[in-house]
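Read top to bottom, the protein sequences are chains L and F. Residue 405 in our numbering sits at position 371 of the first sequence; the count goes up by one each step and never skips. Residue 800 in our numbering sits at position 673 of the second sequence; the count goes up by one each step and never skips.
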Amino acid sequence: MAKQVAPENVVGRDKLIGRIWKAIDQGSVVFTAERRIGKTTVLKKMQAESPPNKVVLYADLEKVDSPTRFVEVVLTDLKNYQSKKAAIGRWLGGLVESIGGTEIGGVIKIPPQQKKGWQSILEKILTDTCNHQTNQQIVFLWDEVPYMLQKIDALEEKSGSTDNSSLAILDSLRAMRNENDNLRMIFTGSVGLHHVLRDLRGQDYASQPTNDMEKVEIGPLALEDAATLARNLLGQEAVTCDSQEPVIAKIVELTDAVPFYIHRVVTRMTLLESTVTPKDVEVLVQRQLVDDSDPWEMEHFRERLKIYYRHNLPDADGNSIPAASLAGVLLDFLALAPSPRSIDQCYADLRSKVRIDNRDDVVQLLKSLAQDHYLVRDEKGRYRFRFPLVQRWWRTAQGLEGTKK
Amino acid sequence: MTEPIAASSYVPQATVSEAVFRRPMISAYTPSNMDPKTRERIFVQRHQLLRQAVRWCEESMLTGNKHHALYIGPRGCGKTHLVSMVHDRVRANPQLADKMRIAWLGEDTVFTGLIDLALEIADELAKAYPDEFAFDYRTGARGLAPDDAAEQILGEIVRRLGDRSILLIMENLDRAMRGLGDTGQKKWRAFLQEQGRVATVATSQQLFEDVSSREAAFYGFFEIIHLEPLSVDDARDLMEKIARENDKADLVEFLRTPEGRYRVHALHHLAGGNHRMYVMVSEFLTKESLDGLVACFEELAEELTPYFQERIRSLSPQQARIVQSLCAADGAMTVKEIAEETFIPERNVSRQLGELRQRGYVRSEKRGKESYYDMAEPLMRLCLEVKKQRGEPLKLVAAFLRVWYSDSELQQELRNEMGMPGANARCLAYMKVALQADDVLRKIAGQEMASEFQRHIESERFDDAREIAEELVCADPPLGLLCRGLTHNKIGDARTAITDLSAVIELENAPVTIKSTALLARATCYSRLGNVEEEIADYTIVINAQDAPIEMKARALLARGLTYGAIRDLRRAMADLVAVVELENAPARHKATALVAQGHINSAIGNFEDVVADFSAVIRMPEASPATRTCALFCLPEATIPIKSLSESIASIRRAFEDGDPETREYGGDPSAVLNMVLRREHQSWPEFIQELISVYADYKALDKLGSGLTESIAALDDGDYSEAQLDLWNSSWQEFGSKHEELEIPLKALNAAIEAIKTGNDLSLFKHLPLEIRKIIRPLLKNTLLKE
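Take a look at the structure:
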């Protein structure tokens, strides 16, 4: 973040958005992406530049902490859309009235007595909207969905409630998607939905509330787009370079073409007193990576292992080992590996450090690390770090520099 | 600055307040109330940052993009000044007039939730733009739950905003965020995100969880910029600007002198990079206002104490203990020293320091291999002292007075004041303590300047080094003069260097280490001027000085030995070098160098058995530097070739390649010296030697070095009395075994042509076979032949 980019100024996402609209024509979508990639920027651009056959409604669900609040958000978004485009209909007013809802400062509120019935209100709103708008697709862009689910769950747990509303929301939404041909949703968020689902479902819940949704990965920018972004920013920030193109190439290379890092690098370059050279870019990036105050918040990559890999795995002697430690060891090996490593090689690496004899556990671990964007598989099925920048940080942060593999 | 200190009555509060009233244009506490032009004039250090912030605001107001910047720095570091300047500049931009609405929230506003933030923004906008935003926001929202009311008010603001954007200025964002709480923050972020109508310029005294924790709603939201404290140069710049603003031409001039610069250095040790401190004391830096200065420090210490106490309270007991021990220390400390002082295990100290550094309590600096830790806000020392001193004069302030005014000035003033009716007792007490005070601040400032000098020298910034040396002359005259002399020597001005170094040597009270260093440095100046006699005389003084450190004596002996060697007085040279080796407690590195030099002398006089002994001794010394050891390893074969078998000699070269340090310049040795030794052997053995040598150098990929050696050895062929048959044997052996190696192609051609020249006694062959650039290299090597010609 640090800079909210207006949709018209977003560089290099047109092709991706075109692909997403195609996917939306077929069904709903879950965005997966590493943090900092620019998911929200893509969502806002999609909303601002939506095709004529789609009604696109964006909401940041970070503020939502109850199922009722979620329904209110949906209602409010529809109402705001209605005030812009009268076509969505008079029916909404009637609906709000029928549930005894009131509008406060532009936000629709559900009265306390109706709160228990949130699920039926939600289903009614969505069904009615789709029925009134048959010639258009209704697309909800919901940002920070996993946060909302976690929050609702945590509050219920705190109050001793066993409602399990988070899963109920997901189940309702899935049912609505099944029933309404023209209803589409995009879920996204900075926490991996798969982790939240695993925690919500526990052991005995069989439902797969998002497996009808296509997973679309938002990756870094294409190299030429990243270069365009860097060039634009250098111009906007009035950075003087010795020779601009080599500086741009270096920025793109060292930031893995991730817009967030490109912005951060150029921002810092503005503060350099002299004209900038590719060497300055290198020094600057390295400084950011080793800076105590962790300005790029890379520590998150290490910290979240402890949060999302909390389960234990048995070693050869039946002792429990935290999955986070095993994941850490795997990443240590891969951070130093000069080329991608096969599952067997990773398994052997791990066994050289830990007495572990269940290959399947390691396969699962690698899979999770790939889902969480630490790793990626190449065409031969071998694993490597998804982002060289993260690999570089990992090597430094774990003190692996100078370590012989 | 030459007038005596004026006698005046001492009323601390009144003096400072008076001064503030007298000069209302520069405010240390509320820069936002200053005249914008004054703000511009005294702005220092952060021009780039300011330009960037203004650019971001402009972009945010004129386009759909919105920047959110958070500036972090300790209390008094100039955050409000920076924000005020951003405000001044964007307000002055006519392009923004109809696009931007500014809501500058009060620094001390209390937030209990989003509702307070919404109301504060509404009220500020209504105050600044009554035509657009004057509205009864409260009545309409009355009766609603606070969050609903907030959303209603924000909705009303957005409606009234039209197509404009808001520039939200929030000081102490950490406090505001704490007030908003988790829910308020999430709602605020969602509002910013969804509306895209607000840009933020915010400040905070430190990094806080609500923006730094992964779980926080505003994690990663702001561009976080840590404000650097003022450097000594920035501080001087600021004080100069304030002095100019206050029409104090004499102070402006004084601050530019080395003495002035040095005093700011000392003040910097006390104040760190704190802007407010400099703004406050700038009022009182003339001698006429000594009482004001004292009052100012005391007031500042009082003002800041609660802030620092709060800072310490927020630490864990171990962290607080570490901070206290750093405050009590005179200068920076290593982890080990802190551990010894606090009885906290080193590992814990190290971990806690990492956290303290991250939280802005301490800073670290690497000197050599050690990291030194110091207070990031040195003023904390002053405040802790306030608590301890219980009304007694603050020692740190007294130490500062001792630096800022000379002893004679203080004594004079004390005499003038004593017994005068209405004399300021507090001020007198300070003067007395100052006169008795340990010269600690002077010493610390001196040490800091000396390390800065060292850094400048190492990075070859000689102008900066000379400037800091000038300041050092004021803090510590012998050390300052020495540093200045060393700088002159470095830039090649040996004569001026000698003047400075002689001044140090003649100073009565200069420490012996400084004097000895000056003598050694002066000797090198004399050497540069070709004055060997004076050079040797300086070394001799150090050697004979009773109390000179052993290291210096060893260095002097070694240098004198090498100088004797250079003038071919080998007997004296050898005596000095032997003395170094035999000198008890002399550093091993000097002994190793002496042994290498002995080896060279023994080699020159053909004493090869001793050469082998000398170099072997160096190779066995674990303390010898990699360069010296590598040098000995490669010199050893030169001595073995004339007296040992072929296989032993070749083994010795291989060992040099194996055991030598490839990172050193000495690696690879001097192959021409090796070849000269081969030439000393009976000529029948040459082909076998040459074949083996080529093979060794090829194995270690050093044929290019051997090629250069071969070329250089032409001089020995030219010098020596070799028969034509011997010359042909030498040449043909090289051509036979070397021709298949590309690296030797040119040296072999040169050798061929040179031998023909030596045989024929003319340089025709050079013209026939060699290009111009090679001819240029070969001709000087054939002095004998060409001279005859």
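Every residue, glycine too, gets a C-beta built ideally from N, C-alpha and C.
Annotation for A329/F: the continuous beta strand (DSSP E) segment containing it runs 325 to 331. In this structure the stretch 447 to 459 of chain F touches the stretch 502 to 513 of chain F; the number of beta carbon pairs closer than 8 Å is three or more.
Within the stretch 339 to 350 of chain F, contact with chain L at the beta-carbon level (separation under 9 Å) is assigned to S339, R341, A344, F345, Y346, G347, F348, F349, E350. The beta-carbon of E662/F is placed no less than 7 Å from the nearest beta-carbon of chain L. Identification of chain L residues near L334/F by a Cβ-Cβ cut-off of 8 Å yields S327, ordered along the chain. Residue state for I71/L is assigned as coil, using DSSP reduced to three classes. Burial state of F170/F is buried, judged by a 10 Å Cβ sphere holding 16 or more other Cβ atoms. Membership of H353/F in the beta strand (DSSP E) is indicated by the continuous run 350 to 353.
By the CB criterion at 7 Å, Y381/L and A358/L fall outside the cutoff.
Around the beta carbon of I571/F, 16 or more other beta carbons sit within 10 angstroms, so the residue counts as buried.
For Q38/L, a Cβ of chain F is located within less than 7 Å of the residue's own Cβ.
Within the stretch 598 to 678 of chain F, the runs of alpha helix (DSSP H) at least 4 residues long that lie entirely inside it are, in chain order, 604 to 617, 621 to 633, 639 to 656, 659 to 671. Assignment of H407/L by DSSP, reduced to helix, strand and coil, places it in the coil class. Considering only L307/F, A261/F, I296/F, R508/F, the residue with the shortest C-alpha distance to R286/F is A261/F.
By the rule that beta-carbons nearer than 7 Å mark a contact, K313/F touches chain L.
Per DSSP, the unbroken beta strand (DSSP E) holding L347/L starts and ends at 346 to 348.
The count of Cβ pairs closer than 8 Å, one atom from the stretch 301 to 312 of chain L and one from the stretch 416 to 430 of chain L, stays below three, leaving the stretches out of contact.
The contact set of D94/L on chain F, defined by CB atoms closer than 7 Å, consists of A317, Q320, E321 in chain order. Sequence-ordered contacts of the stretch 187 to 220 of chain F with chain L read T190, G191, N192, K193, H194, H195, A196 [C-beta pairs closer than 8 Å]. Taking a Cβ-Cβ threshold of 9 Å, none of the residues of chain F is close to T430/L; the smallest such distance is about 15 Å. Counting the other Cβ atoms within 10 Å of the Cβ of A648/F gives 16 or more, which makes it buried.
Contacts with chain L (Cβ-Cβ distance below 7 Å) from the stretch 386 to 419 of chain F involve no residue at all. In this structure, G795/F sits away from A766/F, with a CB-CB distance that is not shorter than 7 Å. Between R484/F and chain L, the shortest Cβ-Cβ separation is below 7 Å.
Chain order gives the chain L residues near H353/F as S327, where near means a beta carbon separation below 7 Å. For the stretch 326 to 360 of chain L, the continuous beta strand (DSSP E) assignments of 3+ residues that do not extend past its boundaries occur at 346 to 348, 354 to 356, in sequence order. Using a Cβ-Cβ cut-off of 7 Å, T304/L counts as an interface residue toward chain F, since at least one Cβ of chain F sits closer than that to its own.
With distances taken between CA atoms, L231/L lies nearest to V179/L out of E258/L, V179/L, P101/L, M332/L. Approximately 16 Å separates the beta-carbon atoms of I242/F and A230/F; this is outside 8 Å, ruling out the contact. By the Cβ-count criterion, S654/F is buried, with 16 or more other Cβ atoms from all chains shown falling within 10 Å of its own Cβ. N671/F is classed as exposed because its beta carbon has fewer than 16 other beta carbons within 10 Å across all chains shown. Within the stretch 840 to 870 of chain F, no residue has a Cβ lying closer than 8 Å to any Cβ of chain L. With contact defined as three or more Cβ pairs closer than 8 Å, the stretch 344 to 351 of chain F and the stretch 197 to 205 of chain F are in contact. Contacts with chain L (Cβ-Cβ distance below 7 Å) from the stretch 167 to 179 of chain F involve Q175, L176, Q179, listed in chain order. As the crow flies, the alpha-carbon of E536/F is around 11 Å from that of N543/F. Taking a Cβ-Cβ threshold of 8 Å, the residues of chain F close to T74/L are Q320, in chain order.
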